[in-house]
Structure formats: structure tokens, C-alpha cells
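As C-alpha cells, the structure follows; a few thoughts come after it.
Number of protein chains: 2
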Amino acid sequence: MASVQDVLSGNRLSLARLLSQIENDTSAGRAALSDLFPHTGNAHLIGVTGAPGTGKSSLVNQLAHYYRHPPENLSPKSVAIVAIDPSSPFSGGAVLGDRVRMRDLAGDPGVFIRSMASRGSLGGLARTTSGVVQAFDATGYEVVLIETVGAGQAEVDIARLAHTTLVVEAPGLGDDIQAIKAGILEIADILVVNKADRPGVENTERALRNMLNLAHPIKRVYRHHGTLEVVPSAIAVPTESESIWIPAIQKTVATDGTGIQELGDLITQHKEHLENTGDWESRERTRLSAELDDLLHAALVSCWEDTLPAGRYQEVFDQLIERVISPRQAVNALLNGTQDK
Amino acid sequence: MASVQDVLSGNRLSLARLLSQIENDTSAGRAALSDLFPHTGNAHLIGVTGAPGTGKSSLVNQLAHYYRHPPENLSPKSVAIVAIDPSSPFSGGAVLGDRVRMRDLAGDPGVFIRSMASRGSLGGLARTTSGVVQAFDATGYEVVLIETVGAGQAEVDIARLAHTTLVVEAPGLGDDIQAIKAGILEIADILVVNKADRPGVENTERALRNMLNLAHPIKRVYRHHGTLEVVPSAIAVPTESESIWIPAIQKTVATDGTGIQELGDLITQHKEHLENTGDWESRERTRLSAELDDLLHAALVSCWEDTLPAGRYQEVFDQLIERVISPRQAVNALLNGTQDK
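In order, the protein sequence lines correspond to chains A and B.
Position one of the first sequence corresponds to residue -2 (the numbering used here), numbered consecutively onward.
Position one of the second sequence corresponds to residue -2 (the numbering used here), numbered consecutively onward.
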């Protein structure tokens, strides 16, 4: 097992080994995460999500390049990329085929790229991604880019890890269908229209702008004790006097770098907005609260299962299947031996 | 409160009142559900899911009409429609505007239509939908059509309620984008290409057929103790000798009834397949198991919260926010007073 000291001192091989421990949820990985946790809280976590075909991976590469080789007035930042390839439950294969990264990133000691597979368990993916991101944060990576396919609740959960969330769209991919993926759009801090050199870019931009106009005031989904709640951001943002961040729209062409510097500027503006309004802290609280509740629920179920007499669950379940007792009566029977309604 | 006897004797007003109690999760509603539960297990639950614009509601109306006025060799069946309008977290309004139902359905005593709003809590929606469906089942409705917008995990959960799941597509809605919604497609027992009189129908059908070919052997997502697991249907189906149901594709034009009788035939064939293979029972088990686990988890969290000293959660959470303890140490502190890793 890689020592936490080796990881904190910047040993890449130790870090890679630790990431595997975290991904496999080993006890050593869990212990290391507890040791690393006090060192977290410094990285800027940037989520990048969008459908396949939007050029999301190229965009992430360009952003990494931007942070490594920024405009003259800025200093370079170290960058970690967490690329999540959800194995499609339908095809059994990876949705994303192209994991080939730009050559200058691969040779750069200030860049660390980690691809993760989902292995079929959506909740588990959010949990291990959180651990991997914490490891990068503790190790001193200043920017962590978290790349997910925007296709469902799991991606929304993962995007909720981030301080700044980019939702990537592209022309010609069926805008009205994409637009209904409200769960993804409403988490966007910045909407990126990539492949902006393609026909139809005006339509995509107009559709997004219409969505944004519809969405005023913007709402956010918060997780509290394991349930999802929709809260107008006017409530979620603590002080009345604070300004509301209206999601920006930025056109890019990731293949040639067009719009990347402007996108980098917008990301910096969003970070400053978060810091100036207290939203940075409130997002940290939301994130840690969600993580705590998730771990708590898993632990509660696990504890309860440990105390259950062998065969008891099956016995009650059989009565349920026979419709002798109702689901709520089954819960009561399992929790306290009674079958009250 | 409507009496369970009134509901069972077919009093529509009592049923409507009970459905409201169930939707509001009142104690009277819970008690009534336990009384009704022994009477459930007879209805054929048919899920109908698809993106807005696919003509899903018209299709559901036509199917209801088909069951009320079947071909000569079949007898009419009573039909309940549960239409779920998820309030979009983005726009704050209903995604579906058109809840107007055909006139002959509205005046038919053998038809009961219930629209439900999601009210922001996804888990809660699946729970109350399950209750509403049980009420219809217990009251003797022979077919329950459950209509949802296919847009995320909640819809997958709701579709899992059904014995037979129809996924509705339509030409010209961005097939490659729809195709990636694997979570929806892989729950389909029958794929309906509605609006089949429109241009592009061959492309939609071809795209769906390609997806189906990719997906051999078909996989299904099962929920076990609150986590999602992907299981090849070859494992999920109990006996080796049993035939596998390959999702059928049916073209329809819901506005004029084209293909509805053929779709009705396919639904009957699927029901017979389920009954002949033992899949009917295994779907019942999966469904009741998921419902039991869901209720159990909610009850476990609620019990634990009741025993927690006031202020304890906040105290531990504050230490977490200050990064004095890690998330797992916080869980240990909340569950048993220690802060071991």
C-alpha cells in the first residue's frame, strides 16, 4: 500500500496506486482518504458534462492546456483530469472510445489523468469519484477537471461534486431532445457550444438562450438526508444582497482552440463570483452534506443487516410475496417485530 | 377519509379521495394501502415512457380505447391511466401541457384517469406512484397504463413498476441522442415508433434495430438492497430452457389508430410470454423487493434520526466542514460515538 506521505510528497506512482485502492474501495483506501481529508479544500473542481459527440474530451484537453500555458498575466496551474467512462448497461461497452490524450499533456508532470469505469453501480461511481477527487485535491492539484457523459442522475450527482459545472452542447445533435434533459441543464454554470464552426450553431445558441430565459429564477437541486429537493437559488444563496449567477454561454471550437481563452476567463469569473458571494462555502457544505448522508445511509443499512437473524428477511419477504402482509407491514416486521400498519 | 370498503365496492369518488391520501402520504392513506394490498396482484401493469413530442399521451389514449373496444374475439377490460407530469426542475412548469383526454374515455365508467405531479422529490414520486397503482389494482382495474416522460432515473424506477414496458420514439427527434439514453431503452419490452407517417421513420426504425442487435444478450438492471446492479437477462431469467423476449418494434400513428391493434396484440403476447416463462412472478418479486428496500431505507434513516441527540448531527457536520474529521469518521461518530477510520 502506498503511504500517505509518499502521496502527499508528490510521488506519482504512489498516487496512482492509491487511486486504485480508492476505486476498489479497500480498507487501506478508506484509511488513506481519512488521512488525506484534512489536506483537501483547495482545488477548484470543474465538472464538464455533455452528450457523446459534443467534443467534451477535446474541450477538457484544451482547458488543461490553457491552465498549463495560460495568458501572460496568469501563472500556470497543476491539473488533474478525472474522466468517467460509464460502461453502458445497454451495450456492455464504454460509450466513449477515444481516451487518447494530447501528447503535450501526457508528458507534463503538472498534469495527472485518471480514467474511471463505472462498473454498473451508479451510486458507487459517485462515491469513488468523490474519493479520487479528494485525493487529487489533497495532493495539491489546483484544478480538477471532472468529465462525465451527461446522461442521467449519476452524472447530475457527479457534477454536483464540482464548484463550477460546464455543460457542453454541439450543433446538430437534436436540440429539442437535449433541451429536455433538464436535470443536466439546470446544473450548468457555463453552457459551452462546442463545434461552433458547424452549421446550426445559431439555432443551438438560441435554443439554449430560450431555455435560460424560461428558467428565471434559476433553480437548483439540493440533496438533504438522501432526498432530492428543488430549491430556488434565491433561497439557496444565503444573503439577499448577493448577485445571482446567470449561466453564461460560450462558443468554442476545441479542435483549434477557438474560444478556449474566453472560456477560461468565464471559469475564473465564476470562481470569483462563488468566493465573493459565499457560494463557494455553500457549495462545499452541500457537497459534504450529500457525501455524509450517502455514507450514513449505506452504513445504516449495513449495520441493520448485521443484526438481522439469518433467514428473517426471506421469511418476511415470502409473506409479502404471498400478499399476507403489505410492504409497510413487512418493514415494521423487519424493524421491530410487529406488523402494525 | 374514504372507507376501504367503499373503494373496493367501486365507488369512484371514494377512490379519488383515497388516491389523494396516497399522493399526500397521509397515515390514513398508508393504512388503507395495507388493507388493500391483499387484493392486489391481478392487474396487468403497462408502462409507457418516451420523450416529449413522441405522442405518448395520444398513444396511451388509443390503447385505453383498444382495451375498451377490443377486436371481436376479446372482451373489454377496465383501464386505469396514471399519467405522471414531472414538474421540470428547470422551468418550474409541467413538461407536458396537454392533459386533455379523448371524450369517449372521460365518459366511460370502465376508465379512471389520474394525473400526478412530481413535486420535486424523485424518490417520493416512485413511492406514491406505486401506491396509486396498487389502489387501482386492488379495486379491480384489469389494465393499468403508467405514462412517464423518459428522462432519467426516476422514470426508469417507475417503469420498473410495470410488467410490460413500452418505450415510445418518433422520427426526427434526434435519433443518436435518444439512442444514448440506454437506461430507458434497456427497459423496453416493446419499442413503439409513433408518428410513423412522418418522414425519417425508416431511419428511426433502423437505429432502434441496430441498438437491439448490439444489445444481445439483453441486459436488465435490478435493484438489490438499494444499489443498482446490471444482470444479463440470461441470469435473471430462472430456467435455461426458457425463451428470451427480444424487444419487438411496432410502428403506430396514434392520431388515426394505425398499428394500435397490432400493438395490443404484441402486449398480449408479452403478457403470455411472462406467464409462460415464470417471468411474471420474477418481475413481481423484483418490484416488491425494490419497494420493500426503499421503504426499509427510509424507515431506517427515520428511526436513526429519532434516536440522535438534538444538535449532534450539526456538531459532527461542523467538524467535517472544518475538515477536523473525514466523512467516514463523521459517519462513525454519528453511528457509535467513535471516530475510527
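Even glycine gets a Cβ: it sits at the ideal position worked out from N, Cα and C.
Would you mind sorting B/L10 into buried or exposed? The rule is 16 or more other CB atoms within 10 Å of its CB. exposed
Thinking C-alpha only, which one of A/D32, A/S286, A/L122 and A/K192 is nearest A/G50? A/K192
Do the segment 316 to 336 of chain A and the segment 321 to 329 of chain B make contact, defined as three or more Cβ pairs closer than 8 Å? no
Could you name the residues of the same chain whose beta carbon sits closer than 8 Å to that of A/D105, not counting the 5 residues immediately before and after it, in chain order? R65
Checking 8 Å against the spacing of the C-beta atoms, do A/P244 and A/I318 come in under that value? no
Is A/H41 helix, strand or coil when you go by DSSP? strand
If I'm right that A/R111 touches A/I78 with Cβ under 8 Å, what's the distance once you round it to whole angstroms? The C-beta separation of A/R111 from A/I78 comes to about 7 Å, placing the pair in contact by the 8 Å criterion.
Can you pull the chain A residues whose beta carbon is under 9 Å from the beta carbon of B/Q326, in chain order? Simply S31 and F34.
Would you mind sorting A/G44 into buried or exposed? The rule is 16 or more other CB atoms within 10 Å of its CB. buried
State the DSSP-derived secondary structure class of B/K248, mapped to helix, strand or coil. strand
Below 6 Å CB to CB, which residues in the same chain sit around A/L163 once its five sequence neighbours on both sides are set aside? V45, I187 and V189
Assign B/K216 to one of two classes, buried (16 or more other C-beta atoms within 10 Å of its C-beta) or exposed (fewer than that). Bear in mind that a pLDDT of 43 at B/K216, under 50, signals an unreliable position, so the number given afterwards is only what the model happens to contain. The residue is buried, with at least 16 neighbouring Cβ atoms inside 10 Å.
What separation, rounded to the nearest whole angstrom, lies between the Cα atoms of A/T201 and B/G107? 46 Å
If we call anything under 8 Å between Cβ atoms a contact, is A/Q157 one with A/R284? Correcting the residue identity first, residue 157 of chain A is Arg in this sequence and not Gln. In this structure, A/R157 sits near A/R284, with a CB-CB distance shorter than 8 Å.
For the 8 Å Cβ check, are there 3 or more pairs between the segment 65 to 75 of chain B and the segment 14 to 31 of chain B? no
Can you pull the chain B neighbours of A/S323, defined as C-beta to C-beta under 7 Å? Per Cβ cutoff of 7 Å: L30, S31 and F34.
Which chain B residues sit within Cβ distance under 8 Å of A/I318? Contacts between A/I318 and chain B, judged by CB atoms closer than 8 Å, involve E281, R282 and L285 in chain order.
Ranges of the beta strand (DSSP E) found wholly within the segment 0 to 87 of chain B, counting only runs of at least 3: 41 to 47 and 76 to 82
Would you mind reading off the limits of the beta strand (DSSP E) that contains B/E144? B/E144 -> beta strand (DSSP E) spans V140 to V146.
So which residues of chain A does B/G38 contact, with C-beta pairs closer than 7 Å? R320
Candidates B/V76, B/W301, B/I246 and B/D154: closest to B/G137 by CA position: B/V76
What is the DSSP secondary structure of B/I318, counted as helix, strand or coil? helix
Out of A/V129, A/P168, A/G308 and A/H36, point me to the one whose CA is closest to A/A80's CA. A/V129
Environment of A/N39 [buried if 16+ CB atoms lie within 10 Å]: By the Cβ neighbour-count rule, A/N39 is exposed, with fewer than 16 other Cβ atoms within 10 Å of its own.
For A/V45 and chain B, any beta-carbon pair shorter than 8 Å? no
Presumed contact (8 Å Cβ cut-off) between B/T249 and B/G256, rounded CB distance: 4 Å
CB contact flag (A/L60, A/G197, <8 Å): No, the Cβ-Cβ distance between A/L60 and A/G197 is not below 8 Å.
What does A/A132 touch in chain B if you count any residue whose Cβ is under 7 Å from its own? Those within 7 Å of A/A132 in chain B number zero; the least Cβ separation is about 12 Å.
Check whether the Cβ atoms of B/I246 and B/R206 sit closer than 8 Å, and answer yes or no. Cβ atoms of B/I246 and B/R206: closer than 8 Å.
Interface partners of B/F314 on chain A, CB under 8 Å: Simply L285, S286 and L289.
Tell me which same chain residues have a C-beta within less than 6 Å of the C-beta of B/F133, skipping the five on either side of it? A77 and V141
If we call anything under 8 Å between Cβ atoms a contact, is A/T161 one with A/K268? yes
In the DSSP assignment, the alpha helix (DSSP H) including A/R257 goes from what residue to what residue? The question names Arg, yet the displayed sequence has Ile at residue 257 of chain A. Here the alpha helix (DSSP H) through A/I257 covers I257 to T274.
Are the C-beta of A/R27 and some C-beta of chain B separated by less than 8 Å? yes
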